[in-house]
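Just so we're aligned, residue 112 is where the sequence shown starts under the numbering used here, counting upward by one. Everything below concerns the one structure shown next.
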Amino acid sequence: MSLSTICEASHTRRHHAMNTLTRIALLTLLFTLLCGSCSTPHMDEQWNTIEGLMNEHPDSALTLLQAIDPKPLSRGDRAHHALLLSQALDKNYIDLTNDSIITVAVDYYKAYGPQEKLGMALFYLSRVHENAGAIEEAIQYSIEAQQSLAHSNDYNMRALIYGNRADLYKLQYRFDEAIELDRQAIDLYRKSGNYSNIINTHLAISDCYDANGQQDSALNEINCARELASTIGDDESQFAVENYLASFYATHHAYDKAIAILRQAIEDYPQHTLDANDYHLLARIYYYTC
């Protein structure tokens, strides 16, 4: 398969989500018109709508939150707004380096609880410090977030905290500690049935082993991810693992293996839309093999 053929195949798959996005845009507009100036003390319905969009459509959740003026809200609702806004900004890759938004939530939940929301708020405070390059402070707030959620049944959130702190340790070359945290994250994701994140965490552990010069262990983690992706039968997860494996071999200059794996993945998972990272990997491999 040539690079031009790969590019053409990708372009034919770019319109799958348009109808869904159009519906979300209409929902966003309706919410804005109806609730943008809402100043009632009862915001539960609005929060439920936003939380329902947060994971799959964080851009829409962010738009809805930005349509709400927090000033007339109760202190509790202002804290909830600040927490959700921080979450939505983070999920949309808008990296805040100022803690003025999330501090509203942290201060309120420290005084009044509940602990679960305090833990979430501390996590997003950790993220702000991470964005600002204050890694030690980010680690400390991450530990506090973990402690606040120690008895929570929100296994996904707890796993997210472990996994994010593992990433912080990687920045400090503390790979063994990062692996330990990622293992704990896998245990928590397994409790919640979040198999996609288990796959991603196996790949994160592979990164650590590879950085430590333990290539056999790195490949073993990739194989764990590969087996799980095949078991759950999710095409995107399977493509992601094959892409990662191709990148692994390219990093170690095994370009023939890398291009064979990537070509096969593109053929096996045609529903995957190639993105900038895929094209970058393809270009890198072709550069060294042509």
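Even for Gly, the Cβ is constructed at its ideal location relative to N, Cα and C.
Let me make sure I understand the geometry here. Which of the options has the alpha-carbon closest to that of residue i?
i	options	result
L339	H313, Y360, Q326	H313
A369	L356, I377, Y380	L356
H364	R395, R337, E347	R395
D188	L271, Y223, A289	Y223
Y252	L271, A270, G230	G230
N203	R186, H191, N166, A387	N166
Y220	T160, H191, L279, D201	H191
A371	N354, P381, L271	N354
Alpha carbon to alpha carbon, how far is residue i from residue j?
i	j	result
L144	H391	For L144, the predicted structure reports a pLDDT of 44, less than 50, and the residue's modelled location is therefore unreliable. A value from the coordinates is still provided. The straight-line gap from Cα to Cα measures roughly 42 Å.
H240	V352	31 Å
Q375	N305	27 Å
A193	E162	13 Å
Y273	Q295	7 Å
D318	D180	43 Å
G324	Q177	46 Å
K228	P169	19 Å
P183	A232	21 Å
L140	Y366	Confidence at L140 is low in this model, with a pLDDT of 47, below 50, so the placement of that residue should be treated as unreliable; the coordinate-derived value is given next. Looking at the two C-alpha atoms, the distance is approximately 49 Å.
L164	A199	10 Å
D327	D293	18 Å
A329	I205	31 Å
Y397	H383	20 Å
P225	N311	30 Å
A387	R186	43 Å
K281	D218	30 Å
S358	D155	45 Å
A336	D345	12 Å
T362	N242	27 Å
E291	L207	28 Å
Y360	I250	32 Å
D389	A315	18 Å
L271	Y320	20 Å
P381	N334	22 Å
Given a threshold of 16 other Cβ atoms within 10 Å of its Cβ, counted over all protein chains shown, does residue i qualify as buried or as exposed?
i	result
Q157	buried
S237	buried
S197	buried
Q349	buried
I343	exposed
Y399	exposed
A322	exposed
C401	exposed
E378	exposed
S415	Within the shown structure, residues of the chain are numbered from 112 to 401, placing residue 415 beyond reach of any answer.
E332	buried
E347	exposed
N308	buried
N159	exposed
S113	Residue confidence for S113 is low, a pLDDT of 45 falling below 50, so the modelled location carries little weight and cannot support an answer.
Please determine if the region 262–270 and the region 292–307 are in contact, where contact requires at least 3 C-beta pairs separated by less than 8 Å.
yes
Count Cβ pairs between the region 161–176 and the region 206–222 that sit closer than 8 Å; are there 3 or more?
no
Should the region 213–229 be regarded as contacting the region 241–249, the criterion being three or more beta carbon pairs within less than 8 Å?
no
Do the region 256–263 and the region 277–287 meet, that is, are 3 or more Cβ pairs less than 8 Å apart?
no
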